[in-house]
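Each remark here refers to the structure printed beneath this line.
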Amino acid sequence: MPTRRKQFPFDEFEPRWQAHWEKESTFSVPNPGDADFDAAKPKYYVLDMFPYPSGAGLHVGHPEGYTATDIITRYKRMQGYNVLHPMGWDAFGLPAEQHAIKTGEHPRINTENNTANFRRQLKRLGFAYDWSREVNTTDPSYVKWTQWIFLQLYNSYFCEEENKAKPIKELEDAGLSREEIDDRRLAYVAETPVNWSPDLGTVLANEEVEEWKEKGHTVERRPLRQWMLRITAYAQRLIDELEGLDWPKGIKLLQTNWIGRSEGAEVDFLIGEETVTVFTTRPDTLFGATYMVLAPEHPLVSEITTKDQADAVAAYQQACATKSDLERTELAKEKTGVFTGGFAINPVNGKEIPVWIADYVMMGYGTGAIMAVPAHDERDFEFASQFKLEVIEVVEAPGEPIEGCFAGEGTSINSGFLDGLPTKEAKAKITAWLEEKGLGKKSINFKLRDWLFSRQRYWGEPFPIVWRDGHHEALPESELPLLAPDLKDYKPTGTPEPLLSKATDWVELGDGVMRETNTMPQWGGSCWYYLRYCDPTNPEAPIGKAADAYWMGENQNPGGVDLYVGGSEHAVLHLLYARFWHKVLFDLGHVTTPEPFQRYFPPGLIMGEDGQKMSKSRGNVVNPDDVVELYGADSLRLYEMFMGPLEQVKPWSMKGVEGVYRFLGKVWRMVLVQDQEGDWNLSEKLKEQDPDKAANKVVHATIKKVGEDIESLSFNTAISQMMVCTNELSKRDTIPVSSVVTLLEVLSPFAPHISEELNARLGARFDSVSSEPLADREWPELDESYLVEDEVEIVLQVNGKVRDKIMVGKDDDKETVEAAALASEKVQNFIADLTVRKVIVVPGRLVNVVAN
RNA sequence: GCCGAUAUGGUGGAAUUGGUAGACACAACGGACUUAAAAUCCGUUGGCCGUUAGGCCGUGCGGGUUCGAGUCCCGCUGUCGGUACCA
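Each residue of the first sequence is one higher than the last, beginning at 172 in the working numbering.
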């Protein structure tokens, strides 16, 4: 890129205004109880997803959402809101630890460096953050409350009757045993098969496996003792309470499907002495169950396997155990399985059906056992075809008979007392019959699993738990935060033994009392950071009552963060986890609203100039620092908003950046003209005079359009309107100063530096222009009367085709307009040989003459 | 496979409740200024036919509703994203 003269000296005034905002604490906002707090002001809480401060620095994707929220912040401030717009750091995480392994340096150092770089980059973009509220998940004062919230979960149970969390103390008072109590905690210990990565030295959540495998790490499956959070208790509420939220429909659906509610029945089958319960969503097909399948890990497999099948079954179980979930599904093209030799009795007709084990049935869902109805389930059909098992049709498809398998709804046949019933009724009847006979019951299942909450890494929050005599105990609150000790080296132990177990001095407390050595996942800190911003230094609680009531909107329905902007890649995990924690805190009375995020908006991904996803390997990554260097922060901000609709995926274009840069240059030159010496002086065209009709019209049209578009996050069209306004004003011989100032006011949320600079220069010269910074001004008032025209252009159509355009009075009645239309020469030409059948008049729009 | 999003000029994208398709930009071309270039300013720019006037066609494809469809309905196709034996 050749050096060239800048269109305007952004490199001089942008840092100057940023320093001004910092010095004046322009965007600091007081809390209830503070001296300058004004309770009469309405609040608005705009939240960005806080970044993980990676070594790579800011990516152009970050300023996309951040600029959007910044525009909202500045706009709402101008409208008189107390706006909370904070930023912080999700600073625990594997990359810093990987760096520590390589260098032997404490991960805190790397984290601090990266954080400083991120902060510098964000400040350079002029965002209106209240930096006094900055939080960092790795700060001891933050860790303290993350651990405290964990203890809230640990010390609570889910009360089914009241459908909410309650203190565990109630169970103690009720005289439950220690084991019974531990089994009901919201944070509990369980032995479960987990994804263990030997080279990362940690267990991963199911959702993380894919990501790390792509980066070349190995992940295997093995059973381990882990901390779990009982998110499944909240499954129904997490679905139901989405309803009142202003989130994109698709995102709600995504979460709903992730939670995966299905209604059906549990049915008991007898296998010899043993009872095996299956879950099915199609109890109406019970007469068509021709075999049964158990998951290979099902505890009853060994009981029911016959001697001559024992070897085959054991071999199959062995083969499955070493396969990861991924391999199980990757190899899912062909069904595999083994006959156990056992037979089950179908309770509805007493028929004996063979019992198989197969890995297409998973232990983790339902009961780990199914009744197979090959005629009406594709998987069962495939399995039955492969192993030549019986197929009995029990549902008749509506319309044409169907070859093979029919999984839809129809009418029951070959099903005794269900015959002739449509699927829905058959389901109800058989379920009632099973319940009456004590052979089964209605049942609801969720795909959602409990949340595996422990990791074996170093760089995370330690669990505030100690072990005594094989039992876990909570640390007293007074011992929080519990910080991890420094280590000599951060290399994984090579075994599933957590890294912290290396620090024996720290772990062993004497008398056989040991600290828990697992750490929390990164999600822990990010689950509640939006609460801490509201009250970032509170030493008594994660968030104080008054701060919660005001910022989270106790009296609003449903309350919570007013606008949350961040990538849809977090739409299921982070957003689900945070909602879960929030509900627990709500149930326990620590917060006053049931949902954390009232409105959520995911911006679309920004692709590389080649239309591909930005990545180092493709060499198409755009660095925001480079863009700021060449065109300034305002241009970067404005371009990212002008690219297209915020929610859309869109490719980067440097030419596009130049386009908005030129626009800002045009605004600059409308106010200032450069002389021979290169100094910028106020344009002679600017006049302190009342704006004429045309100027008022375009300026007020701009106030209206920009305001509406900000509300709906349609920033691209707001910007194009400001371009129209600028084009209109700048081509004039004299320009009313007040029109320019109004334009600067509406431009200021988008491009705050240049707007402030121009306003300051105008204020220094013209008495009529306020020198008060735009950031503290009110949003300009719209006067609709300027937008009303006496005459409007309407379109004349003949048979739907545009033939002419005429001007008519704004209040002309239909008859007048129709007469004027028919009088048009062009219309006359087209209808000369035709008969007019009908004339449609749309006031202010068009006249359509229908003729043939 | 299932779920969701989406399809408009050479490009990014605009278009109230159905009512002038292509706003605003980018690129391209032509012109002015300049010794020259950059920057700036002015003009042209969906396709086809036509010297002009003007006409015809045109919002992924095929139907439909309507005076009128980018927009609504039915049936497809492509692209992107999510998810995957969840019984």
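A virtual CB, placed ideally from N, CA and C, is assigned to each residue, including glycine.
Model, not experiment: these values are computed from the prediction.
By the criterion of a C-beta distance shorter than 8 Å, residue 637 is surrounded in its chain by 643, 644, 646, 680, 684, 685, 686, 687, once the five residues flanking it on both sides are discounted. Here the alpha carbons of residue 422 and residue 718 stand approximately 29 Å from one another.
Counting the other CB atoms within 10 Å of its CB gives residue 649 a total below 16, which places it among the exposed residues. Proximity to residue 455 across 594, 899, 221, 748 peaks at 594, based on C-alpha coordinates.
Note on the region 791-851: whole alpha helix (DSSP H) runs with a minimum of 4 residues are 795-802, 804-813, 825-842, in chain order.
Residue 723 is classed as buried because its beta carbon has at least 16 other beta carbons within 10 Å across all chains shown. When beta bridges are read from the DSSP output, residue 1019 appears opposite 968, 1011.
For residue 342, the uninterrupted alpha helix (DSSP H) segment begins and ends at 340-344.
By the CB criterion at 8 Å, residue 625 and residue 397 fall inside the cutoff.
By the Cβ rule, the region 305-318 does not count as touching the region 818-830, because fewer than three pairs are nearer than 8 Å.
When C-beta atoms of the region 957-971 are compared with those of the region 1006-1020, three or more pairs fall below 8 Å, so the two segments count as touching. In this structure, residue 515 sits near residue 440, with a CB-CB distance shorter than 8 Å. By the C-beta density criterion, residue 327 is buried, having at least 16 other C-beta atoms within 10 angstroms. For residue 329, the beta-bridge partners assigned by DSSP are 336.
Counted as a single uninterrupted DSSP element, the beta strand (DSSP E) harbouring residue 542 occupies residues 540-543. Within the region 213-244, the runs of beta strand (DSSP E) at least 3 residues long that lie entirely inside it are, in chain order, 214-219. Going by beta carbons, residue 772 and residue 736 fall inside the 8 Å limit. Residue 224 sits away from residue 654, with the two beta carbons spaced by 8 Å or more. Between residue 303 and residue 533, the alpha-carbon positions lie close to 50 Å from each other. Counting along the chain, residue 611 sits inside no alpha helix (DSSP H); it lies in the beta strand (DSSP E) bounded by residues 611-617. Proximity of the region 562-581 to the region 592-612 meets the contact definition, three or more beta-carbon pairs being nearer than 8 Å.
Counted as a single uninterrupted DSSP element, the beta strand (DSSP E) harbouring residue 398 occupies residues 391-400. Annotation: the continuous alpha helix (DSSP H) that includes residue 284 extends over 278-294. Going by DSSP, residue 464 is part of the beta strand (DSSP E) stretching over 462-465.
When the Cα atoms are used, residue 357 and residue 228 turn out to be separated by approximately 37 Å.
The Cβ atoms of residue 629 and residue 605 do not sit closer than 8 Å to each other. Beta-bridge analysis with DSSP links residue 685 to 638, 679. Collapsing the DSSP output to three states places residue 509 in a strand. Taken through DSSP and simplified to helix, strand or coil, residue 784 comes out as coil.
Each residue's CA atom was taken as its position, placing residue 301 and residue 238 some 15 Å apart. For the set 517, 1015, 370, 419, the Cα lying nearest the Cα of residue 738 is the one of 419.
At least 8 Å separates the beta-carbon of residue 854 from that of residue 835. DSSP places residue 771 within a strand segment (E or B) once states are collapsed to three. For residue 439, the beta-bridge partners assigned by DSSP are 448. Below 8 Å, enough C-beta pairs join the region 840-859 and the region 923-937 to call them touching: three or more. If you draw a 10 Å sphere on the C-beta of residue 348, you find fewer than 16 other C-beta atoms in it, and that means exposed.
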